[in-house]
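As structure tokens, the structure follows; a few thoughts come after it.
Residue numbers (the UniProt record's numbering): 1 to 1021.
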């Protein structure tokens, strides 16, 4: 920490020096003394603490020591094992001399050898508890309040009513901070100077005006941050001087001691110079009690601190010495009543000593005058140098102000350009978003088309399934026809066998009934008819074979159509897969576009954030400019004050010159008096030639005291004899000389009094000059501090300007990179959109080809359906003709049967009876069964024909329905194609907008790469 800041904090808390603590380890009785330079300290187990105690019972940050009003106040920081005093465990107490506190195995107390602890002055701690509400126990303090800053703008205010306020999460903290590991973050100390904030963690968690501080004096309106909580201090009452009471009282006593020499008596008593100093008593002793948290209510013992006076000055000691010498002279003059010669000699010695003292004083006054002149000239030179440096600093500040204004103008222009580019970028992003929405709509339309194609594919699959069913039904019919043909062939074979049997029977009958020629003729006719029927049956069998071939060809054609439908299904499946792939690609493109949109949104947010930062920087620059203006005004005021002080110094210089002239006049008078004294001394030398022997004896007595005493005893006897002679002989002359000596002594005393008065006046002037020199020194220090502050501010301004330039360059570079990245991304998007356009074109071409194929397939399917319907109609007509033929055959057979039944019985041979033969009856029975089988076959074929006709009707209706569905699908396809063309047109419009955005980005890029015009006078936005 800065030494100046430490001294300022010591002055604020009344600490006269470092804290010296005596620490005793009870485990090994080892004691050492540790000195703390700062007026506060942290005690704990970790190395980061100011006082490290290596004990497991000591917490990492156990206690906090703070000097308040010259005394040490100890606070427990929520330790595990607590802080123990003589009366038990307490949260806080005063650590006064003679009192110990235990932490773990260590005892801590104020070092008894500390001069501060052993002072003789008495300081009584009143009803003061720094953690309680302050009731002006030690005088008024500045009133302040904290403003807690919130993000929603609903700030809250909290007045500070304590001398010491802790901020943390333990119960003793009045500013409770939720979360975080540290129990106590910082302390807020209220002094006469103002509010101090002290970081108790050394973790750089306390910020004042966005700067990390360890200890800082908060000014009105300062913003400070503790653990990411922002606060602002406001002083609501009057401010006080930052001089502690003890220092003020001490300075007051010093002033009184310097001015007390005016009241000294002309001949003080010698014992008064060695009298003890007067003790300044503090207010009466009182008992301290507290009720904050665990703070105990025990009474504290009296604490006495005795103080001593500051001592008299060097001038007072010299004045006392002169008084003692004059007193000795007065004693010698009284003794000269008995020893005239010794008295005269002593008087002469005293006069010589006074002369030497006057000469010494004169030399000292001359040296002091030269010193004052030199110091005054040096101070004038320093003031001139400071004035020149202030003028130079003022000129530099003016130049820096102009530079900052120019930079602000440039940054304002750049900010305006960036805002325009940001607006253009936002417009491009909006247009891109609109294009994305259009593409998303096109994708949705394509997905709808895909769904419709999927429904069409399902319908075609259903149609294919129905065709397969029809094919299976036709196959079943073909099998049935094959079975019928085989049955007819078997019937023909059976009929042939029956015919052969009948021929054999006829032959037998002809052999047996030769006489029945008519019957034979009829039988021959019947045989011919049967042959005809057999030929007709053969023709029918050939027709059935032809029909079977036709059915085979129809089945082949249907299989071809099924294969075509299967191919169409496969094509539709492939189209569906391609559409699915395109949908996936569109989804991926949509996700990519969404990511791009999010990136553009994030870039937009970053640009907005940068814009806000630039606005904050501009506001900071404006505040700095205003601050510099204020500082310039303050410098002007200081310059005016310096001019006034210079005029005052000039007036004081003139007064000093006048006083110096008076001193010269007084010294001239003193020289004249000295000359008179010299002449009188010469007269005394002429008159006292007889006393030289005694003077030599006195000189020897001064060298050897014991010999002088013996000589004085001998001289006393001789002096008595001579006094007797003197009284008898030279008493009148001695009386006259004595009267003259007394008058001279009175004049000398008056001159000494005048000299003392002049000396006191010189002392007063010297004190005033010293006080003025101290003031000038302080002012010079203040000017130096102001100069350092100005240098620091100038350096900070240079650093801020360089940082602003670097940040602006980095921001421009970043914007340029972002624009290049955006341009590249837009190019990639354009390529992707071109690829998508090519895919859309290919998809359109494929859909057109699919439409052509689908139209051809529909036409082919319609043609095949018409052919099949015609074939079915022909089959129906043919079957109808066959049915008529079968009916005719049936009638003929019935006629033949009737003829056979109506024919007369043939004549039997000899020995034969009139009954028919068994063979004939069996043949007749077989013929009847064949007729019944033929009738049953005819009925079955009639049923099959009716079923086939019904199925053909159903198939025709189904084909008509499929044809309507295909026509509806064709209309939807035409509508989808038109919608796709519209989407393609919108996509072309989006491409044109994208190209316009790219050209605008190119222009913006060219505008960013061009250097800004520094001579522009356009104010910032």
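Note that the Cβ used here is the ideal one computed from N, Cα and C, for glycine as well.
Residue 9 and residue 790 have their alpha carbons spaced roughly 23 Å apart. Judged by beta-carbon spacing, residue 596 lies within the 8 Å limit of residue 825, meaning their Cβ atoms are closer than that value.
Counting C-beta pairs with one atom in each stretch, the segment 950-966 and the segment 410-417 have fewer than three that are closer than 8 Å, which means they do not touch. One alpha carbon belongs to residue 371, the other to residue 158, and they sit about 57 Å apart. Its chain contains 24 and 100 as the residues whose beta carbon lies nearer than 6 Å to that of residue 107, once the 5 sequence neighbours on both sides are disregarded; these appear in chain order. The alpha-carbon separation between residue 811 and residue 614 amounts to approximately 10 Å. Short of 6 Å from the beta carbon of residue 924, and not among the five residues preceding or following it, lies no beta carbon of its own chain. Residue 170: not part of any alpha helix (DSSP H); DSSP gives it neither H nor E. In the structure shown, residue 533 adopts helical secondary structure according to DSSP, grouped into three states.
The Cβ neighbour count for residue 421, taken over all protein chains shown within 10 Å, is at least 16; the residue is labelled buried.
By the Cβ criterion, the segment 832-851 is not in contact with the segment 602-610, since fewer than three pairs of Cβ atoms, one from each stretch, lie closer than 8 Å. When DSSP states are grouped into helix, strand and coil, residue 234 belongs to the strand group.
Residue pairing from DSSP leaves residue 55 without any beta-bridge partner. Residue 128 is positioned such that its CB atom lies no closer than 8 Å to that of residue 190. At a Cβ-Cβ threshold of 8 Å, residue 143 and residue 237 count as neighbours. If you compare the alpha carbons of 533, 465 and 968 with that of residue 452, the shortest gap goes to 968. Boundaries cannot be given for residue 161, as no beta strand (DSSP E) includes it and DSSP labels it neither H nor E. Sequence-distant Cβ neighbours of residue 839 in its own chain, meaning closer than 8 Å and more than five residues away, are 582 and 585. Contact annotation, residue 74 with residue 63: C-beta distance approximately 6 Å; criterion of less than 8 Å satisfied.
Taking 8 Å as the cut-off, the beta carbon of residue 97 is found no closer than this to the beta carbon of residue 115. DSSP, read as helix, strand or coil, puts residue 133 in strand.
Residue 609 sits in a helix when the DSSP states are folded into three classes. Annotation for residue 6: the continuous alpha helix (DSSP H) segment containing it runs 3-13. Annotation for residue 185: the continuous beta strand (DSSP E) segment containing it runs 184-190. The C-beta distance from residue 196 to residue 215 rounds to 7 Å, short enough to fall under 8 Å. Judged by DSSP in its simplified three-state form, residue 88 adopts strand.
Taking the Cβ atoms as the reference, residue 147 lies roughly 6 Å from residue 231, within the contact range of under 8 Å. For the pair of segments examined, the segment 868-883 was found not to touch the segment 992-1007: the number of CB pairs separated by less than 8 Å stays below three.
Comparing C-alpha distances from residue 71 to each of 19, 58, 26 and 986 shows the shortest one belongs to 19.
The criterion of a C-beta distance shorter than 8 Å is satisfied by residue 948 and residue 477. Between the segment 967-982 and the segment 842-858, the count of Cβ pairs shorter than 8 Å is three or higher; the stretches touch. A distance of 8 Å or more separates the beta carbons of residue 886 and residue 932. Distance between residue 227 and residue 60, taken at the CA atoms: about 19 Å. Look at residue 430 here: in three-state DSSP terms it is helix. Between residue 65 and residue 92, the C-beta spacing is not below 8 Å. Between residue 201 and residue 182 a beta carbon distance of about 6 Å is seen, short of the 8 Å cut, so the two are scored as contacting.
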